[in-house]
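Engineer:
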Amino acid sequence: MRAAVPLLLLIWYIVPILTGTPPFILPGPDRVLQALWTHHRLLADHLLITIIEILAGLFLASILGWCSAILLASSRTACRFFQPLFLFSQIIPFFALAPILTLWLGYGLSSKIAMTVIIIYFPITSTLFDALIKTPEGWLELAHTMGASRMQILYRIRIPNALPGFASGLRLAAVYAPMGAIIGEWVGASHGLGYLMLLANGQAQTDLMFATVIILAALTLSLHTVVTIISRRFLDHIKD
Amino acid sequence: MLKRPPTICLSGTLYIGETHICGPLNLNLPSARWTCILGPSGVGKTTILRVLAGTATNVKLDGTLSTEDEKSLNGRITMMAQADFLMPWLNISENTAFGARLRGEKIDRTAVQDILTRVGLAEHLEKKPHTLSVGQRQRVALARTLLENRPVILLDEPFSTLDALSRIQMQSLSASLLRGRSVVHVTHDVAEAAHLSHQIFLITRTRSFHLSLGTAPPPPRRWGASETLSLQSRLLHLLMEET
Ligand SMILES: Nc1ncnc2c1ncn2[C@@H]1O[C@H](COP(=O)(O)OP(=O)(O)O)[C@@H](O)[C@H]1O
Ligand SMILES: [Mg+2]
């Protein structure tokens, strides 16, 4: 890993020189770095918008995920009704919904947030649902002899026991959420990193385009790291 | 205050679906007596306990489960199993008071502290279960069982995962702390049964029967005393003959 990064940078630097590829097709790392620096204000402004969309998406999808996973885990009827729906949802290409969302919700933040929510709702909900129903049988029997109600079992056993499952769903979501936001922005936006990429592309500012991709990758990586750190911190008792 | 444990009688045959699990049995559990159920794995000992506990929703009892006062055992029974079932996210005192916590009742902190002191864990109140040894965790499970203060206690091989020394300590501790309650103790350890029980049921693949202990002194019988050892070897022989 440590050796790979400088090596890749070196290859990236040498290839355009050797092949004579013009910078508007493949700018070298030096040009991209320069673009990062010259456009840092612009990048920061658009980054902020994308971050807001992603965080709002993560937040809403988590709330929706908890509600639906709890409903599914506690009602056999709901489960029988929704589970095929969940399987079916795996084969829908959700990014194809982006134009429709823009049509319905406009060019503002909400269509991007909706796209993010749709992309990450299923990983969050299904990992959470699995964790909720995987409560050890012995715990449930113990709770039963202790005279606990279903709600008490849900609240005191199932939910705390599912928190590590939620954390792993959230880690997965942290990787997919930026994709949702970017796809939303590609379809129609006036702000955000996805918009900036299209803009730079249209104006043949390939170095700025690459700079945006790098920012996006860094964003995804930091998001994943932050979610991991937070979940380790709060769930330190459960080794995964 | 501890309520007087009722005499319990379980007689009949147990099925899961159409599959015969165990029986015909005739299990008579007198009040405030320690009953060991001894037998090889897979003969249905855990299933019997689950029937007594009322958690065996998938088991059909072709027969009767009766108490002398004709009231249900719900709320008068608690179980301690081979696994300690401690909640990893709760510390030791929270785990001990798990029953009250679960039911949303007020937690009596002095009672918790007192019980944890009696099982020798006064130093560990704030620790999380994963920082304790297997033996210490099983003590927490015992403390939790005691705090529930139920007259009937079901033990499902609770000491089988412990090393020899902590097993003996736990057996003696349980014998003294559970005195006055009806205990139904599943085990396949003949030494344990010889040490602890007022009466013993032997269950094998072919039959199940009540074993008379004759003139043996009341439990807990001294380790290594000749009566204990002879009872122990009698049990071992019976088990070997039957299987
Ligand atoms: N849910 C179940 N469905 C079908 N068979 C079961 C179920 N639970 C236990 N059994 C069977 O019942 C028998 C007795 O199990 P168990 O009571 O756990 O035995 P023991 O505690 O004596 O080892 C075993 O043969 C086991 O396979
Ligand atoms: Mg068993």
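Chains as they are written, first to last, in our numbering: chain A, 126 to 365; chain B, 35 to 277. Glycine included, each C-beta is placed from N, C-alpha and C at the ideal position.
1) Who are the Cβ neighbours of residue 160 of chain B in its own chain at under 6 Å, not counting the five residues just before and after it?
2) From residue 188 of chain B to residue 272 of chain B, what does the alpha carbon distance come to, in whole angstroms?
3) Within 7 Å: the Cβ of residue 345 of chain A and any heavy atom of ligand 2?
4) Below 8 Å between beta carbons is the criterion; list the residues of the region 36–51 of chain B that meet it against any residue of chain A, in chain order.
5) For residue 246 of chain B, name the three-state secondary structure that DSSP assigns.
6) Taking 7 Å as the cut-off, is the CB of residue 92 of chain B close to at least one heavy atom of ligand 1?
7) With a threshold of 7 Å, establish whether the CB of residue 53 of chain B neighbours any heavy atom of ligand 1.
8) Which residues of chain B have a Cβ atom closer than 7 Å to the Cβ of residue 272 of chain A, listed in chain order?
9) Could you check whether the Cβ of residue 117 of chain B sits closer than 8 Å to any Cβ belonging to chain A?
10) In the DSSP assignment, the alpha helix (DSSP H) including residue 246 of chain A goes from what residue to what residue?
11) For residue 175 of chain B, I'd like the list of residues in its chain whose CB is within less than 6 Å of its CB, leaving aside the five on either flank, ordered along the chain.
12) Relative to ligand 2, what is the chain-ordered list of residues with a Cβ closer than 7 Å to any of its non-hydrogen atoms?
13) I'd like the list of long-range same chain contacts for residue 69 of chain B, defined as Cβ closer than 6 Å, with 5 residues on each side in sequence excluded.
14) Assign residue 79 of chain B to one of three DSSP states: helix, strand, or coil.
15) Taking residue 205 of chain B as the reference, give the member of B:216, B:173 and B:184 with the closest Cα.
16) So, residue 46 of chain B versus residue 96 of chain B, is the Cβ gap smaller than 8 Å?
17) Using Cβ-Cβ distances below 8 Å, what residues of the region 125–159 of chain B are close to chain A?
18) Counting C-beta neighbours from all protein chains within 10 Å, is the total for residue 198 of chain B 16 or more, i.e. buried, or is it exposed?
19) Output, in sequence order along the chain, the residues in the region 51–83 of chain B whose CB is closer than 7 Å to any CB in chain A.
20) Rounded C-beta distance between residue 82 of chain B and residue 43 of chain B? I'm assuming under 8 Å.
21) From the beta carbon of residue 87 of chain B, is the nearest beta carbon of chain A less than 8 Å away?
22) Could you tell me the distance, in whole angstroms, from the CA atom of residue 365 of chain A to the CA atom of residue 288 of chain A?
23) Give me the Cβ distance between residue 311 of chain A and residue 319 of chain A, rounded to the nearest whole Å; I'm assuming they're in contact under 8 Å.
24) In the DSSP assignment, what are the bridge partners of residue 190 of chain B?
25) By the DSSP assignment, the alpha helix (DSSP H) with residue 96 of chain B in it spans what residues?
26) Residue 182 of chain B touches chain A at which residues, Cβ-Cβ below 7 Å?
27) Mind listing which residues of the region 253–264 of chain B have their C-beta closer than 8 Å to chain A's C-betas, in chain order?
28) Is residue 112 of chain B close to chain A? Criterion is C-beta to C-beta, closer than 8 Å.
29) What does the Cβ neighbour count give for residue 220 of chain B, buried or exposed, with the cut at 16 atoms within 10 Å?
30) Nearer than 7 Å: is that true of the beta carbon of residue 50 of chain B relative to any heavy atom of ligand 1?
Structural biologist: Looking at the atomic coordinates:
1) 125
2) 24 Å
3) Distances between the C-beta of residue 345 of chain A and the heavy atoms of ligand 2 are all 7 Å or more.
4) none
5) coil
6) yes
7) Yes, the Cβ of residue 53 of chain B comes within 7 Å of a heavy atom of ligand 1.
8) 109 and 137
9) yes
10) 234–258
11) 114 and 118
12) B:75, B:79, B:80, B:190, B:191 and B:220
13) 63, 218 and 233
14) helix
15) B:173
16) yes
17) 132, 133, 135, 136, 137 and 138
18) exposed
19) none
20) At roughly 13 Å, the Cβ-Cβ gap does not stay under 8 Å, so residue 82 of chain B and residue 43 of chain B are not in contact.
21) For residue 87 of chain B, at least one C-beta of chain A is nearer than 8 Å to its own C-beta.
22) The pLDDT assigned to residue 365 of chain A is 40, lower than 50, so where the model puts this residue is not dependable; a value taken from the coordinates is nonetheless given after this. Near 12 Å, if we compare the C-alpha coordinates of residue 288 of chain A and residue 365 of chain A.
23) That pair is a contact at about 5 Å.
24) B:220
25) Premise fails: residue 96 of chain B lies in the beta strand (DSSP E), 93–101, not in any alpha helix (DSSP H).
26) 271
27) none
28) yes
29) Buried, since its Cβ has 16 or more Cβ neighbours within 10 Å.
30) Yes, the Cβ of residue 50 of chain B comes within 7 Å of a heavy atom of ligand 1.
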